[in-house]
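Okay, structure first, notes after.
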Amino acid sequence: MTCQRTLFALLDVLCPMHVVLNTSGHVSHAGPTAVKIAGDRPLVGERFLELFELLRPRAVTSMAQLLQVAGVKLHLRTREPTQSGIKGVLVPLPDGGGAVVNLSFGISILDAVRDYALTSADFAATDLTIEMLYLVEAKSAAMAASRKLNQRLQGAMIAAEEQAFTDTLTGLKNRRALDHILPRLVQERRAFGLMHLDLDFFKAVNDTMGHPAGDHVLQRVARVLVESSRDDDCVARVGGDEFVLVFRGITDDETLGRIAQRIISEVEKPIAFQEQTCKVSASVGIAVFPGDVEATVDQLMADADRALYASKHKGRATYTIFAPCPRQKDSPDVL
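The sequence shown begins at 198 in my numbering and counts up by one.
Structure, rendered in structure tokens:
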């Protein structure tokens, strides 16, 4: 009996996921890991072939037949409810005293660790499974760190890209963004209205009240332009007090004129700054790209610029729509 206890103690350390079978094929002892995966189901006293379904070799139904496949790799499956795949090898005990079956999860070890909450303490210290678990854990940690790093890098790239296309003072798009948007619209033949806006008397605000007041005016004008446009439109600050608006799909003079007049009216409202009042107005030039004609971005910008200076010439605080062929119409909004 003492020798048997010593043997069981050795097996528990060297191969903790094992069962010892008596001559009738019933479990007389089970290693701690085998007991753990059995859960509430008792192992000792149970018939081995009723605890595990032997998939290969087939047609093994007795202890005598088990002994005949000693040393052969056994493919087993636990009975309900888990039905985990298990590998095993049977070694007979001396003097016909039964057998030891050492068990392993094989390549299913990762599933087993999850399903049975196994830890390194459930395996022999020299078991290569421990090394594999450490490698898997290290790989998982490295992949998680890599994903976080990639997310941070992607976020940084997006932030840098947004910053590169954004005017820091007003939060509007800048000239670089406009140079990216306009060529694509022209190339794709997408119709749009192009509005070039310049502030009147802005230099006087800067000269008499200082640059902080000028910055405040620019930010106020930026809000007016955003509120006068749609989410799909482009509003850009392209110079000190110059702005460009791109209205996608809007090409009729009446609508563009109505938008321009609303902007002019809002910009003309006095702007309070530190107990003082800033007064500016806006001159606007408009060009139209109908989408079905040949045109270049430079040409469209030049057309809007010509219309803008026509508005300046007419006395400021007005808008002009560029027309390639001047129409016979006495209208202040047609160049």
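Using N, Cα and C, we set each Cβ at its ideal position, and we do this for glycine too.
Review point. Which runs of the alpha helix (DSSP H) spanning at least 4 residues fall entirely within the segment 259 to 333, listed in chain order?
Key: Entirely contained in the segment 259 to 333, the alpha helix (DSSP H) runs reaching 4 residues are, in chain order, 260 to 265, 306 to 313.
**Study point:** 8 Å CB neighbourhood of R417 in its chain, flanking five on each side removed
**Key:** Closer than 8 Å at the Cβ level, and outside the excluded window around R417, lie I468.
Check your understanding: By Cβ distance below 7 Å, which residues in the same chain neighbour D308 in space, the five residues on each side in sequence not counted?
Key -> Excluding the 5 residues flanking it on each side, D308 has no same chain C-beta neighbour closer than 7 Å.
Check your understanding: How should V210 be labelled, buried or exposed, when 16 other C-beta atoms within 10 angstroms of its C-beta is the threshold for buried?
Key -> Exposed.
**Study point:** Rounded separation between G407 and L375 - CA only
**Key:** Taking the straight line joining both Cα atoms gives about 29 Å.
Review point. R445 by DSSP, collapsed to three states: which one?
Key: Strand at R445.
Check your understanding: So, are the CB atoms of G488 and A339 less than 8 Å apart?
Key -> No, Cβ-Cβ distance for G488 and A339 is not below 8 Å.
Exercise for review: Mind checking which residues open and close the alpha helix (DSSP H) that includes A205?
Suggested key: Correcting the residue identity first, residue 205 is Phe in this sequence and not Ala. Residue range 199 to 211 is occupied by the alpha helix (DSSP H) that includes F205.
Practice item. Return the CA-CA distance between E243 and L350, expressed in angstroms with no decimal places. Key: Here the alpha carbon of E243 sits roughly 58 Å from the alpha carbon of L350.
Practice item. Would you mind sorting G222 into buried or exposed? The rule is 16 or more other CB atoms within 10 Å of its CB. Key: The C-beta of G222 has 16 or more other C-beta atoms within 10 Å across all chains shown, which makes the residue buried.
Exercise for review: Starting from the Cα of L422, find the closest Cα among G437, L442, H413, T405 and give me that residue.
Suggested key: If you compare the alpha carbons of G437, L442, H413, T405 with that of L422, the shortest gap goes to L442.
Point to revise | Terminal residues of the beta strand (DSSP E) in which V481 lies | key: The continuous beta strand (DSSP E) containing V481 extends over residues 478 to 486.
Point to revise | Alpha-carbon spacing of V494 relative to R373, whole angstroms | key: Roughly 14 Å between the two C-alpha positions.
Point to revise | Proximity of V464 and V477 at Cβ, strictly below 8 Å | key: At the C-beta level, V464 and V477 come within 8 Å of one another.
Review point. Buried or exposed: which applies to D527, given that a residue is buried once 16 or more other Cβ atoms fall within 10 Å of its Cβ?
Key: Low local confidence applies: a pLDDT of 41 at D527 is under 50, so the model's placement there is unreliable, with the coordinate-based value given in what follows. Looking at its Cβ environment, which holds fewer than 16 other Cβ atoms inside 10 Å, D527 is exposed.
**Study point:** C-beta contact flag for R276 and L252 at 8 Å
**Key:** No; because the gap between Cβ atoms is not below 8 Å, this pair is not in contact.
Review point. Among the residues of its own chain, which have a CB less than 7 Å from the CB of V402, if the five just before and after it don't count?
Key: Non-local C-beta neighbours of V402 in its own chain, meaning closer than 7 Å and more than five positions away in sequence, comprise A410, G411, V414, C475, V477, ordered along the chain.
Review point. What span of residues does the beta strand (DSSP E) with G390 cover, start to end?
Key: Segment 389 to 397, the beta strand (DSSP E) holding G390.
Practice item. Just mark S480 as buried or exposed, buried being the case when its beta carbon has 16 or more other beta carbons within 10 Å. Key: Buried, because 16 or more other Cβ atoms sit within 10 Å of the Cβ of S480.
Review point. Looking at C-alpha atoms only, which residue of L325, A318, D292 is the closest neighbour of I304?
Key: The closest CA to that of I304, considering only L325, A318, D292, is found on L325.
Exercise for review: Determine which residues share a DSSP beta bridge with I468 and list them.
Suggested key: Assignment of beta-bridge partners to I468 by DSSP yields C475.
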